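Number of protein chains: 2
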Amino acid sequence: MSQPGLRERKKERTRLALIDAALDLFLAQGYEATTVDQIAAAVEVSPRTFFRYFATKEDVALSLPVDGQEVMLRELAGRPADEPPFVALGHAMRAVVAELQNGDQTETGRFLKARELVESTPALFAGSVRRMMENEQRLVTEIARREGRSPADLLPLFVVSLFTTVARVGFESCHPRAVEDLPAFAERLEQILALAERSLRPGWDRVQGSPGGVSDQFIEGSSGQVAT
Amino acid sequence: MSQPGLRERKKERTRLALIDAALDLFLAQGYEATTVDQIAAAVEVSPRTFFRYFATKEDVALSLPVDGQEVMLRELAGRPADEPPFVALGHAMRAVVAELQNGDQTETGRFLKARELVESTPALFAGSVRRMMENEQRLVTEIARREGRSPADLLPLFVVSLFTTVARVGFESCHPRAVEDLPAFAERLEQILALAERSLRPGWDRVQGSPGGVSDQFIEGSSGQVAT
DNA sequence: TAATTTATGGCAGCCACTGACAGATGACAA
DNA sequence: TTGTCATCTGTCAGTGGCTGCCATAAATTA
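Those protein sequences? They're chains A and B, same order as listed. Under the working numbering, the residue at position 118 of the first sequence is numbered 532, and the numbers go up by one with no gaps. Under the working numbering, the residue at position 194 of the second sequence is numbered 608, and the numbers go up by one with no gaps.
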């Protein structure tokens, strides 16, 4: 292992300091009421430097959830190829939660602060959704690859969108009584995944699944009928 | 009927002029490259006045889709009570599209411009989805009312979220080859609704539905297990 | 130690957005 | 018609997010 160089370590330290200062200020006095100058001042860094670490004020609050998405994508890529798409997505999600639970206490603390903030601040919630959707395309690509289909096909998009929705409902239905601990959230996630499973026909997420009666006529995706 | 007063008419005229000017400028030179001052100048109105009509620059682009959501909600309220939730949502959506098709050509033109813009501009797309999700709670309340359940229950939230997702996938899967006309879009919507129906178990969106085997243990919503 | 790369700070400036005040304009009644 | 009133509009000054530019300081490499 060893050091990745002094420079790198210092950068990582400032980055975390900025995140911590920002989260605390946001929680204490509100997101919009907090200025970038205040965050920078708290870390004793120029405002200009803040924007060298985070492109926007939003970013500093959302960088942790975004990291989670990266993990999710990696985990998905590692799932066995014979798993149906929706199942693989579920396991990848579980792995993300598990990784969080194994983490340092300061790490999970940061994460919970960030979530609390995102759920209670409309502007941040909006940003979170936006990133989720930008990430969705990457998940679609990965699912399409696994299934040997084109990323333009309708089915992968449908599967991923539906999964994203399920995850979102999981978060949302947790919030009012604050996500105080990870285990409770993990349990909630299982519930909502179970609800989804109960609601969906077996094999719905694969073309050749569901023996008997499922017509595949336009699962082929964006072919034909709309073109001029 | 008659005139709602000269003042009102003038306001509505300015509002539409701002929307038209904004849409054209956005399409011509891009959303972020266009400044509020330019829009205001095109309508010969002060920038300050622009912000009296629209709270944000985003709003001027999204006001039309937002109007659509209002219509959707009204239509949903008018659906017969014995329709299953997902079916009712589908019909309400169809009604919205139908109303658009019956509209004036300048109206549909505006709408198509707005959609084109939203689909091709990440910032606007995100904003659009955000509004959709903010609106979701109202749909959830209405569905819960229809079904005689609490708006805090998990099932109405799940049903609405899933429907919203389906609608979104419909829009998204349309875009690359531009939504040149409403009929094509309407057809696409039917396809995606059909795909959803094929993927879901009959009666999934109602508690007492699906005779045989569906356990309802935590459909009761947010009770119990998370509280301390 | 010298040379090179890279992080930082300061400054000037753009743009979205807001509050406050003053002038213009439509609504309404005498 | 005229005067009063409510409301709409423009101007101005200001805040805060965000960026490009250039000089300096620090870390890395030779």
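For each residue, glycine too, the CB sits at the ideal point set by N, CA and C. Every value quoted in this text rests on a predicted model; they were computed, and no experiment measured them.
Residue i beta carbon near the ligand NAD (any heavy atom closer than 7 Å)
i, result
"Thr449/B", "In the structure shown, the ligand NAD is absent, as is every other ligand, since no ligand is present at all."
Residue range of the alpha helix (DSSP H) that includes residue i
i, result
"Arg552/B", "Pro536 to Glu561"
"Tyr467/A", "Pro461 to Tyr467"
"Arg508/B", "Pro499 to Asn516"
"Glu604/B", "Leu596 to Ser613"
"Arg429/B", "Leu420 to Gln443"
"Thr449/A", "Counting along the chain, Thr449/A falls outside any alpha helix (DSSP H), and DSSP gives it neither H nor E."
"Pro570/A", "Leu568 to Cys588"
Supposed contact pair residue j and residue i - C-beta distance, whole angstroms, cut 8 Å
i, j, result
"Ala475/A", "Ala528/A", "6 Å"
"Arg524/B", "Leu478/B", "6 Å"
"Glu548/B", "Phe539/B", "Actually they do not touch by this definition, with Cβ atoms about 15 Å apart."
"Val573/B", "Pro499/B", "5 Å"
"Thr449/A", "Phe440/A", "Not a contact, Cβ separation roughly 11 Å."
"Leu432/A", "Phe464/A", "6 Å"
"Tyr654/B", "Arg427/B", "No answer is possible for residue 654/B: it lies beyond the span of chain B, which begins at 415 and ends at 642."
"Thr522/B", "Leu514/B", "6 Å"
"Ala537/A", "Tyr445/A", "6 Å"
"Val459/B", "Arg545/B", "Not really, about 25 Å apart at Cβ, beyond 8 Å."
"Ser613/B", "Leu614/A", "6 Å"
"Thr579/A", "Ser575/B", "5 Å"
"Ala456/A", "Ala442/A", "Their Cβ separation, rounded to whole angstroms, is 11 Å, which puts Ala456/A and Ala442/A out of contact at 8 Å."
Under 7 Å from the C-beta of residue i: neighbouring residues of chain A
i, result
"Val543/B", "Val543 and Met547"
"Phe572/B", "Val583 and Leu609"
Within chain A, partners of residue i - CB distance below 9 Å
i, result
"Ser575/B", "Thr579, Val580, Arg582, Val583 and Glu586"
Simplified DSSP state of residue i, which is helix, strand or coil
i, result
"Gly617/A", "coil"
"Arg493/B", "coil"
"Val640/A", "Note that Val640/A has pLDDT 34, beneath the 50 cutoff, so the model's placement of it is unreliable and the number below is only indicative. Coil at Val640/A, not helix or strand."
"Thr522/B", "helix"
"Glu634/A", "Caution is warranted here: a pLDDT of 42 is assigned to Glu634/A, below 50, making its placement in the model unreliable, and the coordinate value is therefore given only provisionally. Reduced to three states, the DSSP call for Glu634/A is coil."
"Pro479/A", "helix"
"Glu530/A", "helix"
"Glu484/A", "helix"
"Glu458/B", "coil"
"Gly626/B", "Bear in mind that the predicted position of Gly626/B carries a pLDDT of just 35, short of 50, making it too unreliable to give a figure here."
"Met415/A", "Confidence at Met415/A is low in this model, with a pLDDT of 41, below 50, so the placement of that residue should be treated as unreliable; the coordinate-derived value is given next. DSSP places Met415/A in coil when its eight states are reduced to three."
Under 7 Å from the C-beta of residue i: neighbouring residues of chain B
i, result
"Arg615/A", "Ser613, Leu614 and Arg615"
Proximal residues of chain B, C-beta to C-beta of residue i below 8 Å
i, result
"Leu503/A", "Here the premise fails: no neighbours, minimum Cβ distance about 14 Å."
"Ala648/A", "The structure shown does not extend to residue 648/A, since chain A is modelled only from 415 through 642, so no value can be given for it."
Where residue i meets chain A, residues with beta-carbon distance less than 8 Å
i, result
"Ala509/B", "Simply none; closest approach about 22 Å."
Under 9 Å from the C-beta of residue i: neighbouring residues of chain B
i, result
"Leu568/A", "Val583, Ser587, Gln605, Ile606 and Leu609"
The stretch 490–502 of chain B / the stretch 461–480 of chain B touching (three or more Cβ pairs under 8 Å)
no
Determine, using beta-carbon pairs with one atom in the stretch 498–516 of chain A and one in the stretch 551–564 of chain A, whether at least three such pairs fall under 8 Å.
yes
Could you check whether the stretch 507–524 of chain B touches the stretch 508–521 of chain A, counting it as contact only if at least three pairs of C-beta atoms, one from each stretch, sit closer than 8 Å?
no
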